[in-house]
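From first to last, the protein sequence lines stand for chains A and B.
Everything in the first sequence is counted per this note's numbering, starting at 89 for the first residue and increasing by one.
Everything in the second sequence is counted per this note's numbering, starting at 89 for the first residue and increasing by one.
Protein chains: 2
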Amino acid sequence: MTGGPRRKRDSAATKEALLQAASALFAERGFSATTVRDVATRAGVNQALLFRYFGSKQELFAAVLDHNSTELIAGQPPEGLPRRILDGLLSADQLSGEEHPIAAMLRSYSDERAAHVLREELGARYTAGLAELTDAEDAELRADLVLAWLFGIGMVRSVLGKSPLAQADPDAVARHVTRGISVLLERTDLPDER
Amino acid sequence: MTGGPRRKRDSAATKEALLQAASALFAERGFSATTVRDVATRAGVNQALLFRYFGSKQELFAAVLDHNSTELIAGQPPEGLPRRILDGLLSADQLSGEEHPIAAMLRSYSDERAAHVLREELGARYTAGLAELTDAEDAELRADLVLAWLFGIGMVRSVLGKSPLAQADPDAVARHVTRGISVLLERTDLPDER
DNA sequence: CGAAGGTGTAAGCACTCGCTTACAACTAGT
DNA sequence: ACTAGTTGTAAGCGAGTGCTTACACCTTCG
């Protein structure tokens with residue numbers, strides 16, 4: 089998996105390898121089921137280095153979330169955000185290997201240390217992005233409800249693997265969800281104004 | 089907390105005490121963060137008895153889910169099910185103590201042993217109940233999407249505790265969700281039939 | 001009564017966890 | 001070449017995990 093013969097005395101590369109390994113493992117198993125020994129082994133690195141560079145397992149998790157959500161959100165138009173999350177969630181599961189970055193959140197939120205990191209990350213990035221999609225007064229609440237739905241779908245489909253949702257055609261799911269979201273984001277707080 | 093002076097040699101009462109303690113702790117902390125020692129201590133019982141009566145931690149979890157979902161679903165009309173779940177989720181959090189039975193699922197699903205128990209329990213009971221609320225062809229898929237939304241809300245609000253959803257007025261949330269659900273359950277697979 | 005079996009308890013086994021420590025190996029500056 | 005500082009490693013600490021075992025207690029029935 090690693091190209092070179094053996095990495096030697098390159099702190100930047102070591103840090104990056106740890107970050108990559110941690111990202112994959114947190115997405116596959118979640119925060120608490122991932123051990124620092126696993127991460128270090130997957131990165132081909134001694135586990136003591138993990139603590140040298142990241143301080144603790146929790147800080148490593150925060151670094152992974154920050155890295156990944158920057159990739160998914162920053163520099164992309166917010167209109168496509170729900171669809172981008174949904175597509176990732178609907179395609180990444182089932183078949184092997186690659187896990188959506190959001191899977192790391194879905195599998196980790198029930199650990200209090202991970203949840204603390206998540207609250208900040210989600211509020212600052214995802215809710216803020218989704219709230220731009222409506223001009224209703226309670227935009228942020230609606231954004232949270234959208235986020236909750238997407239997360240719930242990821243939870244039931246990708247993590248729990250429950251049928252029929254887990255086996256359903258991605259297009260069919262996307263059609264239902266897109267319709268639901270647009271209804272949810274429609275302005276209703278001013279009942280009749282026209 | 090326990091009324092009597094000391095329970096003595098009553099296997100049925102011991103089993104019930106373990107079930108109650110486990111139900112509360114699984115809801116508060118989830119499957120993997122709950123230890124068998126905690127359960128036994130809370131029940132006022134030696135932990136070896138837990139294994140005598142339930143065999144393993146996983147079987148204890150299954151027994152708790154079965155016990156609780158019977159209470160929530162059986163003998164109740166399915167029309168009220170989404171609302172009943174939602175109300176529980178929206179009221180139980182925040183203030184102290186009492187946790188919704190569903191919280192045990194929300195906090196446990198990312199553990200593979202718990203997930204296995206959950207898939208069966210959810211499919212057989214919750215999805216089946218919700219699917220009765222629509223006559224669309226893909227009733228069960230829609231039911232799963234409703235379930236996913238309710239679970240997502242519970243996850244973001246009650247477990248994660250993320251604002252603004254966690255602090256939002258229950259009625260406001262219920263209004264949004266009820267509207268979304270009814271749209272989601274409307275028949276759309278036959279585009280124009282009237 | 002006295003054996004039998006259900007019920008409760010203390011102790012501990014074998015293992016894993018996050019994290020630390022003591023030390024070796026390498027590189028860079030002078 | 002010699003020192004100083006950075007990078008890497010092996011070993012292990014202390015705490016906690018699910019689960020088991022050996023044994024004491026109490027009740028019941030022949």
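The beta carbon of each residue, even a glycine, is placed where N, CA and C say it ideally should be.
Quick caveat, the model's predicted, so the values are computed rather than measured.
In this structure, V271 (chain B) lies away from G143 (chain A), with their beta-carbon atoms at least 8 Å apart. Per DSSP, reduced to three states, the secondary structure at D257 (chain B) is coil, with no helix or strand assignment. When 8 Å is used as the limit between beta carbons, H264 (chain A) is near these residues of chain B: L229, R230, L233, L272, in chain order. Taken through DSSP and simplified to helix, strand or coil, Y214 (chain A) comes out as helix.
Neighbours of V244 (chain B) in chain A, taken as residues at a C-beta separation under 9 Å, are given in chain order as Y197, L210, D232, L233, L235, A236, F239, G240. Around the beta-carbon of D257 (chain A), fewer than 16 other beta-carbon atoms lie within 10 Å, marking it exposed. A contact between stretches requires three or more CB pairs, one per stretch, nearer than 8 Å, and the stretch 239–258 of chain B meets this requirement with the stretch 186–195 of chain B. The Cβ of K145 (chain A) sits no closer than 8 Å to any Cβ of chain B.
Shown here, N134 (chain B) sits in coil according to DSSP, grouped into three states, outside any helix or strand. At least one CB atom of chain A sits nearer than 8 Å to the CB of P252 (chain B).
Cβ-Cβ distances below 8 Å link D154 (chain B) to E209 in the same chain, with the five nearest sequence neighbours on each side left out; the list follows chain order.
For the pair of segments examined, the stretch 199–216 of chain A was found to touch the stretch 151–166 of chain A: the number of CB pairs separated by less than 8 Å reaches three. Secondary structure note for K145 (chain B): its alpha helix (DSSP H) is the uninterrupted segment 145–161. Looking from the CA of E186 (chain B), the closest CA among B:K103, B:Q108, B:V265, B:T266 belongs to B:Q108.
Using a C-beta cut-off of 8 Å, the stretch 99–118 of chain A makes contact with the stretch 127–139 of chain A, since at least three inter-stretch Cβ pairs fall below that distance. The beta carbon of N134 (chain B) lies closer than 8 Å to those of A128 in the same chain, with the five residues before and after it left out.
DSSP, reduced to helix, strand and coil, places H204 (chain A) within a helical segment of the structure shown. Taking a Cβ-Cβ cut-off of 9 Å, the neighbours of D226 (chain A) in chain B comprise P252, A256, A260, H264, given in sequence order. Between L238 (chain A) and P170 (chain A), the C-beta gap is smaller than 8 Å, which places the two residues in contact. Under a 10 Å Cβ-count criterion, R275 (chain B) is classified as exposed, with fewer than 16 other Cβ atoms of the shown protein chains found around its own Cβ. Around the C-beta of D259 (chain B), fewer than 16 other C-beta atoms lie within 10 Å, and the residue is accordingly described as exposed.
Between V205 (chain A) and chain B, the shortest Cβ-Cβ separation is not below 8 Å. Of all residues in the stretch 100–122 of chain B, only G118, S120 place a beta-carbon less than 7 Å from a beta-carbon of chain A. Residue range 227–241 is occupied by the alpha helix (DSSP H) that includes V234 (chain B). Look at K250 (chain A) here: in three-state DSSP terms it is coil, with no helix or strand label.
Ranked by how close their Cα comes to the Cα of A100 (chain A), the residues A:A150, A:L137, A:S120, A:E167 have A:L137 in first place.
The straight-line gap separating the alpha-carbon atoms of S179 (chain B) and R172 (chain B) is approximately 11 Å. Membership of Q108 (chain A) in the alpha helix (DSSP H) is indicated by the continuous run 99–117. Under the Cβ criterion of 8 Å, R125 (chain A) is not counted among the residues facing chain B. For L248 (chain A), the chain B residues whose C-beta falls within less than 8 Å of its own C-beta are Y197, A203, L206, R207, L210, listed in chain order. Going by beta carbons, G217 (chain B) and P252 (chain B) fall outside the 8 Å limit. Looking at the backbone, the Cα of A202 (chain A) and that of Y141 (chain B) are separated by about 34 Å.
Between D232 (chain A) and S196 (chain B), the alpha-carbon positions lie close to 22 Å from each other.
In this structure, DSSP gives H264 (chain B) a helical state, which the three-state scheme calls helix.
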